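Beneath this line is the structure, given in structure tokens, with notes to follow.
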Amino acid sequence: MKRLIDKLYKQNNLEDKELLELLKGINEEDIVYLKLKALETRKKYYGDKVFLRGLIEFTNYCSRNCSYCGIQAGNKYAKRYRLTLDQILECCETGYILGYRTFVLQGGEDPYYSDEKMVEIIKQIKNKYPDCAITLSLGEKSYESYKKYYEAGADRYLLRHETADKELYEKIHPGASFENRIQCLWNLKEIGYQVGAGFMVGLPNQTYEHYVKDLRFLKELEPHMVGIGPFIPHKDTIFRDEKAGTVEMTTILLALVRLLLPTVLLPSTTALGTIDPIGREKGLEAGANVIMPNLSPVDVRDKYALYDGKICTGDEAAECRMCIENRIRKAGFTLDLSRGDHLMFSGAVN
Ligand code: SAH
């Protein structure tokens, strides 16, 4: 296994069968070594820095029915909310004062926010905070819509591919097209966004072979960001009795992604912090270099319930910010409050 890890570290690639061998055969000692190599790689490009992004969950209305997700259209128990433009701007103001220079607007696929409304929101934020980056995470849209948001000033777009296995994808996304989701990612890249793909770990019926497909897809797409988190069941979904993904598997995959895409911006996710009180620290130790604290108004926090037990639903933005800073410091990393663009976009590498 060490030989495979060294090869991956040097070449930033492995064949599919080698990745599978690694995933199947890795033991505790190898895992320590893998994470060490991932950490060494992130240090080479980003030092000890951890970038912060302020997350604004602006709507939990959704027209889709992703089987694992607590805010799916069919969940009649979900209490729905939408933030107004003014509320979104207030979140940005709070965030700006706390030092954030990236705002991530995430939501369900909510037709209420027409392209015109989104363009207005993006323009207003950019107008008030020209030194900040805007990241969108609104799901699948047409090429034209993505282009309008980009021209209005959006810089980045997060759209996890969720799983790169077509069969598994279509099983857990009834009525949705795997090809369309993948096409969206290529479209976003072509338009010029810094693009984030990613997947969940520990979904029902997910196998090592599926993870190899995820890793291969990421290597081909070469996204600037990769979001990886454990699947966590939600009580109102068909997966309510399923097991959550593990910290171990999630951190192994984070480390592998760091080695496959050495300069990638890799968040240590809230879901990872939900299944383990120091999950996000463990993510940083496996090569992650981004954390996305919550900036949403406290009274809507618990309504953006993608899964059960989500952390930080009761904390004010300032508390989240301080808590994260302490955690980052304690884990031996340093906070970086700059925009934190991908190196390709900040002029550091080609
Ligand atoms: N509508 C947007 C945002 C989705 S929510 C979109 O389609 O991209 C952001 C991410 O949360 C999803 O991409 C998914 O990977 C994750 N997520 C949703 N439900 C989850 C669950 N039960 N456990 C863990 N992660 C979940």
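The sequence shown runs contiguously to residue 357 in our numbering. For glycine and all other residues, C-beta sits at the position ideal for the given N, C-alpha and C. Please read these numbers as outputs of a predicted model, since none were measured by experiment.
With a cutoff of 8 Å on beta-carbon distance, residue 163 and residue 218 are scored as not near each other. The beta carbon of residue 234 sits closer than 7 Å to the beta carbons of 165, 167, 203, 205, 274 and 276 from its chain, once the five residues preceding and following it are set aside; these are given in chain order. Residue 238 carries a coil assignment under DSSP once its states are collapsed to helix, strand and coil.
One Cα belongs to residue 266, the other to residue 232, and the distance between them is close to 13 Å. Here the segment 79 to 87 does not lie against the segment 96 to 104, with fewer than 3 beta-carbon pairs under 8 Å apart. Note that the C-beta distance between residue 286 and residue 294 is not below 8 Å. Taking one beta carbon from each stretch, the segment 205 to 215 and the segment 44 to 54 have fewer than 3 pairs nearer than 8 Å; the two do not touch. The three-state reading of DSSP puts residue 315 in coil, since its state is none of H, G, I, E or B. At a cut-off of 7 Å, the beta-carbon of residue 241 counts as near the ligand SAH: some heavy atom of the ligand is closer than that. The beta carbon of residue 60 sits closer than 6 Å to those of 109, 111 and 299, all from its chain and outside the five residues before and after it, given in chain order.
Within the model, the alpha-carbon separation for residue 91 versus residue 113 is close to 14 Å. Closest option to residue 106, judged by alpha-carbon separation, among 353, 328 and 339: 328. Contact between residue 342 and residue 39 fails: their C-beta atoms lie close to 26 Å from each other, not under 8 Å. Residue nearest to residue 220 within the set 238, 248, 21 and 8 is 21 (criterion: CA-CA distance).
Of the candidates 151, 103 and 188, the residue whose Cα lies closest to the Cα of residue 133 is 103.
Contiguous beta strand (DSSP E) elements confined to the segment 279 to 311 do not occur, taking only those with 3 or more residues.
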